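Below: one structure, written as structure tokens.
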Amino acid sequence: MIAPPPTLHEILATLLAHEFADEEVGFTGLLTGAAAAAFGTAIPLVSMELARRTHAPNLTILLAGCYHNPDLRELEALPDSEHSAMLRDLPSESQMIDYPGQWVLKRGDIDFGFSSAVQVDQEGNINSVCIGPHERPKVRLVGPILQPEHMALFGREYVMMPYHEKRNFVEKVDYVSGVGYPGGLAGRHALALDRGGPALIVTPKCIFDFNRDVGRMIVKSIHPGVSVEALRTATDFELGDLSGVPDTPLPTAGELRLIREEIDPRHILLPNRQI
Amino acid sequence: MLGLKSKRMSLRDAVGLVPNGARLAIGGFAVYQKPMAFVRELVRQGRRDLTIVGSANSCDVDMLAGGGCLTRVETSYVGLEKHGLARNFRRAAESGVLQVIDYPEMVSWDRFRASQEGLAFWPIPFLGGNDVLKYNAEIRPFACPISGRPMHAVPAANPEIVVIHAIAADEQGNVVFPARRLLPQSGDVLFARSCERVIVTVEKIVSKAFIRRHARLVEVPSYRTTSIVEVPYGAHPTPALGRYLSDDNHLEEYVGASATTEMFNRYLERYVRAPADHFAYLNLIGAERLADLQDLDSLL
Chain A
0 MIAPPPTLHE
10 ILATLLAHEF
20 ADEEVGFTGL
30 LTGAAAAAFG
40 TAIPLVSMEL
50 ARRTHAPNLT
60 ILLAGCYHNP
70 DLRELEALPD
80 SEHSAMLRDL
90 PSESQMIDYP
100 GQWVLKRGDI
110 DFGFSSAVQV
120 DQEGNINSVC
130 IGPHERPKVR
140 LVGPILQPEH
150 MALFGREYVM
160 MPYHEKRNFV
170 EKVDYVSGVG
180 YPGGLAGRHA
190 LALDRGGPAL
200 IVTPKCIFDF
210 NRDVGRMIVK
220 SIHPGVSVEA
230 LRTATDFELG
240 DLSGVPDTPL
250 PTAGELRLIR
260 EEIDPRHILL
270 PNRQI
Chain B
0 MLGLKSKRMS
10 LRDAVGLVPN
20 GARLAIGGFA
30 VYQKPMAFVR
40 ELVRQGRRDL
50 TIVGSANSCD
60 VDMLAGGGCL
70 TRVETSYVGL
80 EKHGLARNFR
90 RAAESGVLQV
100 IDYPEMVSWD
110 RFRASQEGLA
120 FWPIPFLGGN
130 DVLKYNAEIR
140 PFACPISGRP
150 MHAVPAANPE
160 IVVIHAIAAD
170 EQGNVVFPAR
180 RLLPQSGDVL
190 FARSCERVIV
200 TVEKIVSKAF
210 IRRHARLVEV
220 PSYRTTSIVE
230 VPYGAHPTPA
240 LGRYLSDDNH
250 LEEYVGASAT
260 TEMFNRYLER
270 YVRAPADHFA
280 YLNLIGAERL
290 ADLQDLDSLL
């Protein structure tokens with residue numbers, strides 16, 4: 000029997016898994032709503048678990064920031080509450096119950112994290128605070144939460160954007176709650192940000208990387224089935240010449256088998272197998 | 000020997016300790032273990048012009064915003080997690096009647112650490128380029144006097160009154176926390192050590208013998224507490240770890256009722272203003288629902 004082709008979620012999880020090195024510490028929060036939960040929580044968990052089962056057995060997963068290397072096989076559903084009885088009772092190797100706690104945030108214990116936002120701009124700044132002026136916003140959102148820490152204290156950040164439309168990918172965010180590369184790496188240095196910053200921006204249409212010298216987003220790869228035209232239409236800033244941009248690579252048969260048979264055999268993390 | 004002093008108070012009298020215009024820290028974290036009975040009583044008594052300082056907030060701030068009790072909020076998050084945006088908070092912020100001072104999440108905790116240490120500020124080295132600075136003149140730049148590294152002095156949380164919800168305390172105000180706790184309960188301990196007026200609502204007032212059996216878990220001793228209020232299910236509809244789970248059905252009803260100001264006023268009338276007291280509120284929720292929410296923690 001021929002296995003079904005890889006889904007977008009499986010493609011993204013595999014691509015991210017290749018980014019992680021052995022012995023790193025990766026942090027993912029809990030996002031809610033089907034699309035946000037898939038991008039912000041499920042894909043990161045599958046990617047880290049895939050890395051652990053291939054080239055990075057000593058990678059530490061921080062689920063909801065607090066639960067170290069949770070036993071994902073024990074999950075009955077994708078967790079949607081960070082400090083609930085369900086996660087208290089999920090077996091793990093260490094449970095962080097206080098701040099400061101196990102990870103020493105300001106000495107660089109966390110190598111990479113995942114975050115999401117309502118807006119991201121071409122410098123890689125992210126926003127979850129407000130749309131419109133701060134004093135009288137058109138839409139007041141939840142607040143900066145942990146974005147400032149993710150984008151400054153973690154070694155690098157994967158920004159997981161569940162939607163890729165013009166209103167999400169803007170020239171300039173309305174509020175900088177996580178700092179990208181204003182003025183490039185030199186600009187970050189001038190702001191006393193000597194570590195971290197966005198590594199990749201992951202969307203349903205493409206993968207963005209950065210030209211870190213000038214501090215501008217560049218398209219690294221385009222997902223199968225997405226046209227250059229569709230990508231330009233969905234992005235509010237100029238993408239430049241896309242003629243040489245490759246397709247996003249697909250998982251190998253072995254990687255797909257690991258995801259489907261060992262990491263998520265009950266379809267709890269990635270429920271939508273068909274695209 | 001003189002008798003021991005009791006710090007037991009009625010919910011009404013304890014809420015009476017919070018004047019209009021107070022700077023109040025509300026314990027719990029995000030949608031977990033919020034002192035909601037206390038919040039409902041603040042709304043019922045028509046408190047005005049409050050400033051809420053917190054770490055992460057949810058229906059506590061949202062209900063106070065909907066009840067017209069707030070002028071200012073200083074925190075990292077106001078939302079209802081899986082239940083969506085906090086719609087009363089959103090309306091109040093968008094109309095300009097509520098001033099929101101945004102802080103990063105762990106910096107919000109650091110502000111309480113500053114208060115606990117008796118300091119006016121906490122030094123933060125990673126705020127460069129963040130708009131948290133742009134809208135907050137109270138955060139001041141400075142150079143580390145040892146290394147010269149550029150930093151920011153973030154003002155201490157400095158609450159005038161703290162209110163938290165815990166599972167048990169004795170009448171003298173020794174407050175016990177479960178060994179199998181999570182981040183929200185530790186946040187409550189930090190809050191209770193950041194201020195000299197600490198109101199603790201508890202699921203149950205217990206005997207001194209119970210406290211003595213759990214001495215290692217008494218993180219907030221009697222001399223740190225101002226008053227103790229017995230309010231079973233006092234965090235409802237948020238959970239109290241080890242006692243009951245989140246009432247997700249009620250939170251969905253809450254979110255639905257938050258769609259417009261008029262609808263939310265009807266919610267407040269039904270669940271907050273009309274009930275004679277907290278037990279009348281619990282009767283509205285119903286015994287069947289409350290029984291269903293029980294959290295059976297490990298028996299070990």
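As they're listed, the protein sequences go chains A and B. Residue numbering for the first sequence follows numbering that gives the first Met the number 0, starting at 0 and increasing by one per position. Residue numbering for the second sequence follows numbering that gives the first Met the number 0, starting at 0 and increasing by one per position. Even glycine gets a Cβ: it sits at the ideal position worked out from N, Cα and C. Only a predicted model underlies this, so the values are computations on that prediction, with no experimental measurement involved.
Output the distance between the C-alpha atoms of residue i and residue j, rounded to the nearest integer angstrom.
i: G177 (chain A); j: I123 (chain B); result: 15 Å
i: V232 (chain A); j: L7 (chain A); result: In the sequence under discussion, the amino acid at residue 232 (chain A) is Thr, which differs from the Val named in the question. Those two C-alpha atoms are separated by around 20 Å.
i: V30 (chain B); j: M262 (chain B); result: 22 Å
i: G214 (chain A); j: E218 (chain B); result: 48 Å
i: Y180 (chain A); j: A198 (chain A); result: 11 Å
i: L303 (chain B); j: G172 (chain B); result: The displayed coordinates of chain B run from 0 to 299. Any statement about residue 303 (chain B) would go beyond what the structure contains.
i: S221 (chain B); j: G117 (chain B); result: 20 Å
i: Q273 (chain A); j: P103 (chain B); result: The predicted position of Q273 (chain A) is uncertain, since its pLDDT is 48 and thus under 50; a value taken from the coordinates is nonetheless stated next. Approximately 38 Å, taken between the alpha carbons.
i: P56 (chain A); j: E22 (chain A); result: 8 Å
i: V244 (chain A); j: S220 (chain A); result: 6 Å
i: D109 (chain B); j: D212 (chain A); result: 33 Å
i: C205 (chain A); j: G28 (chain A); result: 22 Å
i: F38 (chain A); j: H213 (chain B); result: 43 Å
i: E92 (chain A); j: T59 (chain A); result: 10 Å
i: P250 (chain A); j: P264 (chain A); result: 17 Å
i: I1 (chain A); j: L71 (chain A); result: 27 Å
i: D235 (chain A); j: A142 (chain B); result: 39 Å
i: L74 (chain A); j: I51 (chain B); result: 36 Å
i: V271 (chain B); j: G100 (chain A); result: 38 Å
So what does DSSP say about residue i, is it helix, strand or coil?
i: S114 (chain B); result: helix
i: N173 (chain B); result: coil
i: C129 (chain A); result: strand
i: M150 (chain B); result: strand
i: W121 (chain B); result: strand
i: Q94 (chain A); result: strand
i: Q273 (chain A); result: The predicted model places Q273 (chain A) with a pLDDT of 48, which falls under 50 and marks its position as unreliable; any figure quoted below should be read in that light. Correct three-state label for Q273 (chain A): coil.
i: H164 (chain B); result: strand
i: F278 (chain B); result: helix
i: R242 (chain B); result: coil
i: S80 (chain A); result: coil
i: K4 (chain B); result: coil
i: K165 (chain A); result: coil
i: K133 (chain B); result: helix
i: L145 (chain A); result: coil
i: P197 (chain A); result: strand
i: D208 (chain A); result: strand
i: I1 (chain A); result: coil
i: R192 (chain B); result: coil
i: A24 (chain B); result: strand
i: Q32 (chain B); result: coil
i: F236 (chain A); result: coil
Please say whether residue j and residue i have beta carbons closer to each other than 8 Å?
i: G142 (chain A); j: T237 (chain B); result: no
i: V42 (chain B); j: V60 (chain B); result: no
i: L268 (chain A); j: L77 (chain A); result: yes
i: V169 (chain A); j: Q94 (chain A); result: no
i: L216 (chain B); j: V188 (chain B); result: no
i: Y253 (chain B); j: Y232 (chain B); result: no
i: T100 (chain B); j: N56 (chain B); result: It should be noted that the sequence gives Ile, not Thr, for residue 100 (chain B). Not in contact: I100 (chain B) and N56 (chain B) (Cβ atoms no closer than 8 Å).
i: G241 (chain B); j: R148 (chain B); result: no
i: L23 (chain B); j: V17 (chain B); result: yes
i: A208 (chain B); j: R86 (chain B); result: no
i: S46 (chain A); j: A20 (chain A); result: no
i: K6 (chain B); j: H164 (chain B); result: no
i: L250 (chain B); j: D294 (chain B); result: no
i: F88 (chain B); j: P183 (chain B); result: no
i: G196 (chain A); j: E156 (chain A); result: yes
Can you tell me the Cβ-Cβ gap for residue i and residue j, rounded? I've got them flagged as a contact below 8 Å.
i: P158 (chain B); j: S193 (chain B); result: 6 Å
i: E9 (chain A); j: I258 (chain A); result: 6 Å
i: L49 (chain A); j: A16 (chain A); result: 4 Å
i: D130 (chain B); j: V175 (chain A); result: 4 Å
i: M280 (chain A); j: F113 (chain A); result: Only positions 0 to 274 of chain A appear in this structure, which leaves residue 280 (chain A) out of reach.
i: R139 (chain A); j: E229 (chain B); result: With 8 Å as the limit, R139 (chain A) and E229 (chain B) do not qualify as a contact, their Cβ atoms being about 36 Å apart.
i: I198 (chain B); j: I160 (chain B); result: 7 Å
i: I96 (chain A); j: S185 (chain B); result: 6 Å
Is it the case that the stretch 125 to 138 of chain A contacts the stretch 182 to 194 of chain A, given that we only count it when at least three CB pairs across the two stretches are under 8 Å? no
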